[in-house]
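There are 2 protein chains.
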Amino acid sequence: MKKIKEKPTDAELEILRILWEVGPATVQEVNGLLNQKRESLAQKEVGLTTTLKMMQLMYQNRMLSRESAGRKHIYQAAVSQEATQKKLLNRLVDTAFGGSATKLVMQALGNKKTSKEDLAEIKKLIDEMEKGGQA
Amino acid sequence: MKKIKEKPTDAELEILRILWEVGPATVQEVNGLLNQKRESLAQKEVGLTTTLKMMQLMYQNRMLSRESAGRKHIYQAAVSQEATQKKLLNRLVDTAFGGSATKLVMQALGNKKTSKEDLAEIKKLIDEMEKGGQA
DNA sequence: TTGTAATTACGAAACACTTCGTATATAATT
DNA sequence: AATTATATACGAAGTGTTTCGTAATTACAA
Numbered sequence: 042m043k044k045i046k047e048k049p050t051d052a053e054l055e056i057l058r059i060l061w062e063v064g065p066a067t068v069q070e071v072n073g074l075l076n077q078k079r080e081s082l083a084q085k086e087v088g089l090t091t092t093l094k095m096m097q098l099m100y101q102n103r104m105l106s107r108e109s110a111g112r113k114h115i116y117q118a119a120v121s122q123e124a125t126q127k128k129l130l131n132r133l134v135d136t137a138f139g140g141s142a143t144k145l146v147m148q149a150l151g152n153k154k155t156s157k158e159d160l161a162e163i164k165k166l167i168d169e170m171e172k173g174g175q176a
Numbered sequence: 042m043k044k045i046k047e048k049p050t051d052a053e054l055e056i057l058r059i060l061w062e063v064g065p066a067t068v069q070e071v072n073g074l075l076n077q078k079r080e081s082l083a084q085k086e087v088g089l090t091t092t093l094k095m096m097q098l099m100y101q102n103r104m105l106s107r108e109s110a111g112r113k114h115i116y117q118a119a120v121s122q123e124a125t126q127k128k129l130l131n132r133l134v135d136t137a138f139g140g141s142a143t144k145l146v147m148q149a150l151g152n153k154k155t156s157k158e159d160l161a162e163i164k165k166l167i168d169e170m171e172k173g174g175q176a
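Taken in order, these protein sequences are the chains called A and C. Numbered according to this note's numbering, the first sequence spans residues 42 to 176. Numbered according to this note's numbering, the second sequence spans residues 42 to 176.
Quick look at the structure:
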């Protein structure tokens, strides 16, 4: 009985984000971009074999797919950004907001300054949901 | 140089949630409520000394405060629910939504079914923000 | 074909978080 | 005061995640 991975960990998410952004890439490339980001945040660099190991584990977990190209492997995210966001979001709603997505939304709107354009867009979405007749 | 705790872990959050809900409480009480919740989710019970240890560590981290009452300690959350939610929310926005709270909000609204009343409430909040003149 | 550079594979150490067993202390009961 | 029950303190084992050093493999160049 294999254990199935429920949520991406922090290090995994970091790698996923890069692959979502740039598409298929080698370990070298991912590691480079990773350290580029870390550098700009004054964080410690991570070794190439560390990134390699992470990506190998994620491949085993079916979180990434890969194909061979000469001596290299080219990796891709095998889970979608949306599905992952959804998972993490639902988790946060359940663990920190007592299951109420509404509370989370209101906190999110209150916390970060949101542009007028964004507010209008959100309102439009709500209008559509109201019109569509919330099942 | 002491290391400062940035985010509550899962186990810590579980305890905080109980203290936020019921107010000041002993280790016994917290452990009882904890296991009550776990039971209803078919999760394994946790031992009393485990909960005790967690709460002691959280007290050291200044996440809880406490006072003595006879031979017992009475613990309280020393961090507010709102501040903690905010921290976790901002973290999620940054790590999973590329810094866009708007994207998170729209996902949250789309995912979970939200009642008409809640939608109206959110819209009202947005109206107020628009009116108030987003600084 | 041999040597060199690039890449992957593997194992284990380092770290962080969670769990619990046992020891110690304190209070209540007889 | 001695016994029992309840609570805390402490150390360490268990578990999961992240990191990396070293070995093995592969492709390419000389």
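We treat Cβ as the ideally placed atom computed from N, Cα and C, and that holds for glycine.
Asked: Measure the Cβ-Cβ separation of Ile-56/C and Ile-167/A and say whether it is below 9 Å.; Found: no
Asked: Tell me whether the beta-carbon of Asn-76/C lies closer than 9 Å to the beta-carbon of Leu-93/C.; Found: no
Asked: Helix, strand or coil, according to DSSP, for Gln-175/A in the structure here?; Found: Because Gln-175/A carries a pLDDT of 47, less than 50, the predicted location of this residue cannot be relied on, and no value is offered for it.
Asked: Given Lys-113/C, which residues of its chain have a CB within under 6 Å of its CB, disregarding the five upstream and five downstream residues?; Found: Thr-67
Asked: Could you check if Leu-105/C is buried or exposed, using at least 16 other CB atoms within 10 Å of its CB as the buried criterion?; Found: buried
Asked: Are the beta-carbon atoms of Thr-155/A and Ser-156/C separated by less than 9 Å?; Found: no
Asked: Hey, does Glu-80/A have any beta-carbon neighbour from chain C nearer than 9 Å?; Found: no
Asked: Where does Arg-82/A fall in DSSP's three states?; Found: Residue 82/A is actually Leu in this sequence, not Arg. Three-state DSSP puts Leu-82/A in coil, outside helix and strand.
Asked: Going by the CB atoms, is the gap between Leu-145/A and Val-134/A shorter than 9 Å?; Found: yes
Asked: What are the boundary residues of the alpha helix (DSSP H) that includes Ala-52/A?; Found: 51-63
Asked: Please tell me whether Arg-79/C and Glu-86/C are closer than 9 Å, where the distance is taken between their beta carbons.; Found: yes
Asked: Which complete alpha helix (DSSP H) runs does the region 90-151 of chain A hold, if anything under 4 residues is left out?; Found: 122-137
Asked: Could you tell me whether the Cβ atoms of Met-95/A and Ala-52/A are closer together than 9 Å?; Found: yes
Asked: Suppose you measure from the CA of Ser-141/A to the CA of Gln-148/A; what does that come to, to the nearest Å?; Found: 11 Å
Asked: Assuming Tyr-116/C contacts Pro-65/C (C-beta within less than 8 Å), just tell me the rounded distance between them.; Found: 7 Å
Asked: By Cβ distance below 7 Å, which residues in the same chain neighbour Ser-121/A in space, the five residues on each side in sequence not counted?; Found: none
Asked: How big is the Cα-Cα spacing for Lys-128/A and Glu-171/C?; Found: 31 Å
Asked: Taking 9 Å as the CB-CB limit, is Gln-126/C close to chain A?; Found: yes
Asked: Residues in its own chain within less than 7 Å of Met-42/A by CB, not counting five upstream and five downstream?; Found: Residue placement at Met-42/A is poorly supported in this model, since its pLDDT is 49, which falls under 50; the coordinates still yield a value, given next. There are no such residues.
Asked: When Cβ atoms are compared, which residues of the region 140-155 of chain A fall closer than 7 Å to chain C?; Found: Ala-142, Thr-143, Leu-145, Val-146, Met-147, Gln-148, Ala-149, Leu-150, Asn-152, Lys-153, Lys-154, Thr-155
Asked: Nearest-angstrom Cα distance between Ala-137/A and Arg-132/C?; Found: 13 Å
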